[in-house]
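The block underneath contains the structure these notes are about, expressed in structure tokens.
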Amino acid sequence: MIDANKRNLILAAMFAPAVFLFPATLHAQPKARVPRVGYLTASHAMDDDQLALLFLRELEDLGYVQGRNILFEKRAAHGRLELLPGLAAELVRANVDVIVAPPLVAALAAVKATRTIPVVFMMVADPVGAGLATSLSRPGGNATGISNQSGDVAGKMIELLSESAPTARRLAVMTRTGNSLHDTQWVYAVTAAARLKLTVQRIRVSGYDGVDGALREVKDLRFDGLVLLSDAVFISRREDIVRAVNAMRLPAIYGFSEFTDAGGLMSYGVNLGVQFRRAAHYVDRILKGAAAGDLPIEQPSAFEFSINAKTAASIGLALPRELRLRADRLIE
Amino acid sequence: MSAARTLYRKYTVLIGGFVIGALFLAGLVQAYFSYRDSRAAVSALTQEKALVAATRIDDYVKGIVEQIAWVTLPMRDLGEQALLQRRFEYRNLLKQVPAVTDIRQLNRLGGEELLVSRTELDVIASGTDYSNDAGFVAARAGALHFSPVYFRKGTEPFTRVAVPTRPGAETVALADISLKFVWESVSRIEFGRTGYAYVIDSTGRLIAHPDLKLVLQNSDFSQLAQIRARNGAVLAQSHAGTNVIAASAPMGVPGWTVVVEQPIAEAYGPVYASLTRLGVIAALSLVLASLGALVIARRIAAPVKALETGAIRLAAGRLDYRVRVETGDELQMLADQFNAMAGSLSQSREVLEQKIEERTRDLALANQAKSRFLAAASHDLRQPMHALGLFVAQLRGKPLLAEQRRLVDRIDASVSAIGALLDSLLDISRLDAGAVAPEIGDFPVNSLLSRMEDEFMQAAQEKGLRFHVVPSRAWVSSDPVLLERIVTNLVSNALRYTRRGGVIVGCRRHGAKLRILVCDTGRGIPAAEQQRIFAEFYQLANPEHDRSQGLGLGLAIVDRLARLLSHHVEVRSKEGTGSTFIVTVPRGTSCEATQPARAVDTGIPRGTLVALIDDDALVRDGMRGLLSDWGCDVVAAASAAEAVHGLAAHNRPPDLVVSDYRLRDGSTGIHAIGQLRTTYSADLPAFLISGDTSGGVLREAETEGLHLLTKPVTPLKLRALLSQLLKTRRAGTQLRAIS
Chain A
1 MIDANKRNLI LAAMFAPAVF LFPATLHAQP KARVPRVGYL TASHAMDDDQ LALLFLRELE
61 DLGYVQGRNI LFEKRAAHGR LELLPGLAAE LVRANVDVIV APPLVAALAA VKATRTIPVV
121 FMMVADPVGA GLATSLSRPG GNATGISNQS GDVAGKMIEL LSESAPTARR LAVMTRTGNS
181 LHDTQWVYAV TAAARLKLTV QRIRVSGYDG VDGALREVKD LRFDGLVLLS DAVFISRRED
241 IVRAVNAMRL PAIYGFSEFT DAGGLMSYGV NLGVQFRRAA HYVDRILKGA AAGDLPIEQP
301 SAFEFSINAK TAASIGLALP RELRLRADRL IE
Chain B
333 MSAARTLYRK YTVLIGGFVI GALFLAGLVQ AYFSYRDSRA AVSALTQEKA LVAATRIDDY
393 VKGIVEQIAW VTLPMRDLGE QALLQRRFEY RNLLKQVPAV TDIRQLNRLG GEELLVSRTE
453 LDVIASGTDY SNDAGFVAAR AGALHFSPVY FRKGTEPFTR VAVPTRPGAE TVALADISLK
513 FVWESVSRIE FGRTGYAYVI DSTGRLIAHP DLKLVLQNSD FSQLAQIRAR NGAVLAQSHA
573 GTNVIAASAP MGVPGWTVVV EQPIAEAYGP VYASLTRLGV IAALSLVLAS LGALVIARRI
633 AAPVKALETG AIRLAAGRLD YRVRVETGDE LQMLADQFNA MAGSLSQSRE VLEQKIEERT
693 RDLALANQAK SRFLAAASHD LRQPMHALGL FVAQLRGKPL LAEQRRLVDR IDASVSAIGA
753 LLDSLLDISR LDAGAVAPEI GDFPVNSLLS RMEDEFMQAA QEKGLRFHVV PSRAWVSSDP
813 VLLERIVTNL VSNALRYTRR GGVIVGCRRH GAKLRILVCD TGRGIPAAEQ QRIFAEFYQL
873 ANPEHDRSQG LGLGLAIVDR LARLLSHHVE VRSKEGTGST FIVTVPRGTS CEATQPARAV
933 DTGIPRGTLV ALIDDDALVR DGMRGLLSDW GCDVVAAASA AEAVHGLAAH NRPPDLVVSD
993 YRLRDGSTGI HAIGQLRTTY SADLPAFLIS GDTSGGVLRE AETEGLHLLT KPVTPLKLRA
1053 LLSQLLKTRR AGTQLRAIS
């Protein structure tokens, strides 16, 4: 009798702590659904894109590993802008959680395809003007992202081109018909040229296939320099453009450092890498439940001036030392 | 039992209460101090963190300002070449300090000498007038000046800093700084897992916050309590409504404040964890204390319980029970004394029992002597009585003169009276000897009642009394013979003691019982005597012991029979008005259908051959005469052998054997019947007659399956048994014939 009681007592003392430990082991982790991100680009495929890689690396830093806890649906128009609506519709049908659409054209296609799936845009100069958002601080719709101020730097591009080739007097400014921003930039360019006592002429490109004709026009009109405003179609055909321009031994300045990477002489514009890295943060916040319409549109203030010294040498252009010193990136 | 439980509970509560109370108090005190200290530590830490954050952001801003100041060294000349040089320096600054988007150099009058921008064309000597700019004014006075934060395109926070050049120069540098770079700095400030820092300007407007969205939305934090509280850490609500602990610290930039916030949940996480630990320990201690209290209380209460059990056993008469308590303290001493007490009690009871045993033995011996005397006396009395009865019966069968018949009647009456007295005596003796086994069965009480009417109606009328029996359809569960005896005695008693009025017998249902009532209008029984009337030889108002009124054994027999049958008998009487005797009998189940009609066929077929064995010639002659009168052929013999010899003359087996129990040469009637049955037939009907009333003979007869008639045998009884046995045999023979 007493022995049995003692045994019970010992048992009770042994198991009492288990009562406190048990609840901790009872919680089970629910299996989370792997989110899917649609990546819609007007130019080249995501995997070939250095900027897209920056975006992915930033996502990784935020804890998203492709294939493990994030999946991608990749669609690229390769400069064929007419394909974008179809590709956007595909992403909507795939019911992705968020669509990342780098240039304005892709963002517009995405927003046209869906008013519910959040869209994160980059490389958009004036989101409010383009109808992507009602205001920068509170976009309101299903799209948000990063705005660039490339529209404001056309004057700066002309200044830099002028400093690289002080003798140049007649400059060509290549724009694309349909890119409304190019109209504004053209005005900046004209104003700046007037102040620097230069003449500028606008060369219009009708589209993807119009690039070759425009380049021929530049060649025929024998300009002293070329300003190529930033545009998705231009990026897609940057290899052809750079090859043709360098063949003309024409000093040129482009909107993105990707052109200098491809052999272009100079580029000045928003640091796109910063934009693509920031885009990862937008995706992160949206996947964590934030509404795109509540996320303010950021305007990165980081600009990048890039010079390809090899190209300068190959076209026989001696760049002033001061200019070289100003470059954020110098490719040699 | 309940006392020990109470003790157990009481001690459990007492000990448990003390220990748990002490633990609880200790836990509370510890928890309170731990909570207080931890809170103080968290507050100090938060305050410290705010200061660190302020210093770090200050350093960052200071770094920018120093870089600006560095390129704002006095210029040696004021020519264009100097401005180009300054432009080069500014361009370098823009390259190195991304936060700066535009920088201007103003001359001592506030005119713009140089503008270097990230977006616009660089401008030299535009002369734009800045002389009224607050920054310019302050810088001219030698002070560093930050403009109020302004937002470009409504979202990008900027400040315009005016930096005076080194002494001797009179120019001022005016730089637009993007405060998003302050954000980067703020974002890097980590405070726990969820803590964060932010910067507000003098108007409470947000300048930098890890959540850039808030900055871009121009959030106004001026209403938050932590912004206004400047001393130490406070508990407040964040802009999102979370409860936070917050501290603020002023910055080097005039009007700017760094605020550090950490959600309470995390800040006090360690406090709560420590409290939880304390709680768990307290709960564990509580469980252990409770168990301990239970164990200790049990150890105290168990010996008491054992003592209590001992006392209960002792009270129940188990004097050999001993309490086992081995606690080695006062309780054990108590138990030892208890055991000693039980021991001496046990001893004295043994002595007492011995004495009782002796007395009982003596009494039993005396009782046996009485029983032997009674048995012997009745046997010896019965023999002549039996013979007398037979002779009288025989006489009655003969033609007699009137005078002779009167004599025979008187003799018969006397014999009956003596027989009745003997019967009563024998009944008492048999009942006392436990030789009567009741045979309980269900039967209609009316059969009993109607016999009462038959038996007593005449006597009542002779005595001039009214006698009424109320018929009843009830059934009772009892021994019909013994119950009839009870009622008979009560009725005859009632008739005996009633001089006027009458006697009424009836029944009344009383639940599952039936009450048989015998009411008379006699003189009644005084209350004081109502119990004594059931004693032997007690007669009311018969001090002269007139034996013609009976021996006074009637109620004694009633009492014994009632006890034997477990029936309740009571008397209700009032002196002068009469008495009512009530016998309470369980009611039986009616089984009218199966009850055979009680038609008594007392006829004995003529020529029935009866073998009569009795060693007493007198009795033999009497019996033979009686049986012959009933038309039987009788072979009377003194032994079985003689009977066989006599039967030989008849050339047929006997129809029935009647034998006295006690025969010559130590032989018994059982042997004799056995012999005849062996000779003729195993199912030869037979019965015994005996004057021996000891239970032994009756039991022996029962074992053999033989009927036993005790002497003196009335002719009625004899004829009834004869007829019954013969009838049974006839039925059996018919059955065999059929099968």
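Which chain is which? The protein sequence lines are A and B, in order. Numbering of the first sequence is given in the working numbering, commencing with residue 1 and proceeding in unit increments. Numbering of the second sequence is given in the working numbering, commencing with residue 333 and proceeding in unit increments. For glycine and all other residues, C-beta sits at the position ideal for the given N, C-alpha and C.
Strand pairing of residue i, partner residues [DSSP]
i, result
"A568 of chain B", "B:V576"
"Y528 of chain B", "B:E593"
"M266 of chain A", "A:I253, A:I307"
"F478 of chain B", "B:V493"
"K845 of chain B", "B:H842, B:P918"
"H800 of chain B", "B:I836"
Coil, strand or helix - residue i by DSSP
i, result
"L944 of chain B", "strand"
"Q1007 of chain B", "helix"
"T659 of chain B", "coil"
"C964 of chain B", "coil"
"H877 of chain B", "Low local confidence applies: a pLDDT of 46 at H877 of chain B is under 50, so the model's placement there is unreliable, with the coordinate-based value given in what follows. Reduced to three states, the DSSP call for H877 of chain B is coil."
"E73 of chain A", "strand"
"K702 of chain B", "helix"
"I632 of chain B", "helix"
"Y64 of chain A", "coil"
"Q29 of chain A", "Residue confidence for Q29 of chain A is low, a pLDDT of 43 falling below 50, so the modelled location carries little weight; the figure read from the coordinates is stated next. Three-state DSSP puts Q29 of chain A in coil, outside helix and strand."
"Y248 of chain A", "One point to set straight first is that residue 248 of chain A is Met, not Tyr, in the sequence displayed. Correct three-state label for M248 of chain A: coil."
"I836 of chain B", "strand"
"H44 of chain A", "coil"
"E771 of chain B", "coil"
"R202 of chain A", "strand"
"D508 of chain B", "strand"
"V351 of chain B", "helix"
Contact with chain A by residue i, beta-carbon distance below 8 Å
i, result
"T1089 of chain B", "Outside the displayed range of chain B (333 to 1071) lies residue 1089 of chain B, so it cannot be described from this structure."
"D391 of chain B", "no"
"F356 of chain B", "no"
"T926 of chain B", "Here T926 of chain B scores only 43 on pLDDT, less than 50, and its place in the model is too uncertain to base an answer on."
Span of the alpha helix (DSSP H), counted from its first residue to its last, around residue i
i, result
"W186 of chain A", "181-195"
"A540 of chain B", "That residue, A540 of chain B, is in no alpha helix (DSSP H); its beta strand (DSSP E) goes 538-540."
"M174 of chain A", "Where M174 of chain A is concerned, there is no enclosing alpha helix (DSSP H), although the beta strand (DSSP E) it sits in stretches over 170-176."
"V813 of chain B", "812-829"
"I158 of chain A", "154-164"
Short CB-CB distance (under 8 Å) between residue i and chain B
i, result
"S137 of chain A", "yes"
"P23 of chain A", "Model confidence at P23 of chain A stands at a pLDDT of 40, short of 50, so the residue's coordinates are unreliable and nothing is read from them."
"D126 of chain A", "no"
"Q299 of chain A", "yes"
"H27 of chain A", "Bear in mind that a pLDDT of 43 at H27 of chain A, under 50, signals an unreliable position, so the model cannot answer this."
"E159 of chain A", "yes"
"R169 of chain A", "no"
"A309 of chain A", "no"
Neighbour list for residue i in chain A, Cβ cutoff strictly below 9 Å
i, result
"L405 of chain B", "Correct list: empty, because the minimum Cβ distance to chain A is about 19 Å."
"K637 of chain B", "Near K637 of chain B there are no residues of chain A at all, since even the closest Cβ is about 11 Å away, more than 9 Å."
Within chain A, partners of residue i - CB distance below 8 Å
i, result
"A549 of chain B", "The question names Ala, but residue 549 of chain B is Gln in the sequence shown. Correct list: S137, R138, P296."
Where residue i meets chain B, residues with beta-carbon distance less than 9 Å
i, result
"G155 of chain A", "T451, E452, L453"
Enclosing beta strand (DSSP E) for residue i [first to last residue]
i, result
"S905 of chain B", "900-906"
"A135 of chain A", "Correcting the residue type first, residue 135 of chain A is Ser in the shown sequence and not Ala. No beta strand (DSSP E) holds S135 of chain A; DSSP gives it neither H nor E."
"Y39 of chain A", "36-41"
"F788 of chain B", "Where F788 of chain B is concerned, there is no enclosing beta strand (DSSP E), although the alpha helix (DSSP H) it sits in stretches over 777-794."
"Q437 of chain B", "432-438"
"R329 of chain A", "329-331"
"L1040 of chain B", "1039-1042"
Neighbour list for residue i in chain A, Cβ cutoff strictly below 7 Å
i, result
"F420 of chain B", "E322"
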